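> I have a structure here, written as structure tokens, and I will follow up with some questions on it.
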Amino acid sequence: MDPALPDSADEHAGGSGLRKIIHVDMDAFYASVEQRDDPSLRGRPVAVGGDGPRGVLSTCSYEARKFGCRSAMPSITAKRLCPQLIFRPPRFAVYTAISRQIRAIFEEYTPLVEPLSLDEAFLDVTEDLKGIGSATRIAELIRARIKAETGLTASAGVSYNKFLAKLASDQHKPDGLCVIRPGEGADFVGRLPVRRFFGIGPKGAEKMAALGIETGADLRTKDIHFLRQHFGSQADYLYRAARGIDLRRVKADRARKSLGAERTLDKDLASGAALREVLERIIAITWDRIDKAGARGRTITLKLKFKDFSNLTRARSLPQALASRAELNRIGHELLDEVLPLAQPVRLVGLTLSAMEDDDPAPNAPATAFQGQLPF
Ligand code: TTP
Ligand code: MG
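Be aware that the sequence shown starts at 49, since it is given in this note's numbering, and climbs by one per residue.
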């Protein structure tokens, strides 16, 4: 192992500290949605994009790919390759709605979901929250749920890091599953052409070919100094990639905008004393949630809904994140005092914390012990 690259000294191909990562990617996403919603398109070469002289394919069905059609290809070229290609304009609202559906499915299995685009995401399933038994089984369940709920197919890759999981999801597309187990990553990568690596475009692949690097195995023969000399800032990434190593963690998309609690009262209340009592309970619940989530926000908002269903809010912003229950208690009561006395009785009281700091409380430390954890 090269001493110049200390954090890759942890050989990820075995031993302890492995995570279980799934990469899910919908098959020919936009085109599959068009085929789903118009049965006359099924089994036929379909492109999504404009068919005018300046049109470009967003994507195309697997039937069209047999002719060589691809995403980002000029429509003119695609038509030349496949004269019977059927063009459809994109329907982004439909794609976005399906994206939300699949995201909801992912989140049933783990809170650690990192969406990359409308149709793909990384999931960290190291903790087997539903007691399913293996990461592969979770991936199969997710694929089946997507099929049942959207009528569309997804492919999935299962492995012990993001780099490998993404390569794996591409391996048996469409409607495929591929698992790269601990110990298999370096060999898997070794057999791949380097152009399949994320971040290596046609130009990069050409440059590598000129240096005699066609496959991951070729890349692995080059030391870090050689890679730095020829690929600059990409060198560390390439060095690790060639060994199936990737230390990046799954970054959950949990940028929660606000957090709090509200309660509809059993009977409408108007007196300051009665409302203070209700507020005490809501402060307790809100602080409990803030504390459990480790949330750090600067704005506290009190919300009252009146008998006639009109709302009133009062907010206070702090120079720094709210730090204690005592502070929440004080500010909550000050906000209530500001609106007393009330013109009409209250039916709901709520308190929220917002203006969250965008911090990342859960670094992707390797799992403490591999044994006893979810198998692949
Ligand atoms: P991809 O997942 O890259 O492609 P895909 O789902 O169409 O096909 P597959 O994954 O089976 O290889 O992209 C998802 C969607 O994003 C795709 O359906 C259309 C859109 N897209 C573009 O608009 N332009 C592009 O250049 C690419 C690559 C995708
Ligand atoms: Mg896709």
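Glycine included, C-beta positions come from ideal geometry on N, C-alpha and C. The structure displayed is predicted, hence computed values, not measured ones.
1) Cα-Cα, which of 305, 71, 352 is closest to residue 221?
2) For the beta strand (DSSP E) that contains residue 315, what are its first and last residues?
3) Cutting at 7 Å between CB atoms, please list the residues of its own chain near residue 130, excluding the five before and the five after it.
4) Taking a contact to mean a Cβ-Cβ separation below 8 Å, would you say residue 403 touches residue 365 in this structure?
5) What residue range does the alpha helix (DSSP H) around residue 203 cover?
6) Could you tell me the distance, in whole angstroms, from the CA atom of residue 352 to the CA atom of residue 68?
7) If you follow the alpha helix (DSSP H) that residue 387 is part of, which residue opens it and which one closes it?
8) On the CB-based measure, 16 or more other CB atoms within 10 Å of its CB, does residue 405 come out buried or exposed?
9) Mind listing, in chain order, the residues whose beta carbon lies closer than 5 Å to a non-hydrogen atom of the ligand MG?
10) With DSSP as the reference, please indicate the residues paired to residue 74 in a beta bridge.
11) Examine the ligand TTP and report whether any of its heavy atoms sits within less than 7 Å of the Cβ of residue 123.
12) Quick one: any contact between the region 381-392 and the region 313-332, if contact means 3 or more CB pairs under 8 Å?
13) The beta strand (DSSP E) with residue 218 in it runs from where to where?
14) Answer yes or no: the CB of residue 198 versus the heavy atoms of the ligand TTP, is any distance below 7 Å?
15) Here's the rule I'm using: 16 or more other beta-carbon atoms within 10 Å means buried, otherwise exposed. How should residue 392 be labelled?
16) Would the beta-carbon of residue 79 be found less than 7 Å away from any heavy atom of the ligand TTP?
17) For the ligand TTP, I want to know if residue 163 counts as a neighbour, meaning its beta carbon is within less than 7 Å of at least one of the ligand's heavy atoms.
18) Would you tell me roughly how many angstroms separate the C-alpha atoms of residue 139 and residue 96, rounded to the nearest one?
19) Could you check if residue 385 is buried or exposed, using at least 16 other CB atoms within 10 Å of its CB as the buried criterion?
20) Between residue 295 and residue 283, which are expected to be in contact by the criterion C-beta below 8 Å, what is the C-beta distance as a whole number of angstroms?
21) Under the DSSP definition of a beta bridge, which residues are partnered with residue 122?
22) Taking only three categories from DSSP, how would you classify residue 249?
23) Which of the three DSSP states, helix, strand or coil, is assigned to residue 394?
24) Looking at the unbroken beta strand (DSSP E) that takes in residue 353, where does it start and where does it end?
25) Residue 277: buried (16+ other C-beta within 10 angstroms of its C-beta) or exposed?
26) Fully enclosed by the region 132-177, which alpha helix (DSSP H) runs are 4 residues long or longer?
27) Could you give the DSSP three-state label for residue 59: helix, strand or coil?
28) Tell me the rounded alpha-carbon separation between residue 171 and residue 355.
29) Take every Cβ of the region 76-88, pair it with every Cβ of the region 97-112, and state whether three or more of those distances are shorter than 8 Å.
30) Taking a contact to mean a Cβ-Cβ separation below 8 Å, would you say residue 337 touches residue 397 in this structure?
A quick look at the data gives this:
1) 71
2) 306-317
3) 93, 112, 115, 117
4) yes
5) Careful: residue 203 lies outside any alpha helix (DSSP H), inside the beta strand (DSSP E) at 202-207.
6) 45 Å
7) 373-387
8) exposed
9) 73, 74, 77, 167
10) 202
11) no
12) yes
13) Premise fails: residue 218 lies in the alpha helix (DSSP H), 210-219, not in any beta strand (DSSP E).
14) no
15) exposed
16) yes
17) no
18) 9 Å
19) exposed
20) In fact, because the Cβ distance is near 15 Å, the residues do not count as touching under 8 Å.
21) 104
22) coil
23) strand
24) 345-354
25) exposed
26) 140-157
27) With a pLDDT of only 38 at residue 59, under the threshold of 50, the placement of this residue in the model should not be trusted, and no figure is reported.
28) 45 Å
29) yes
30) no
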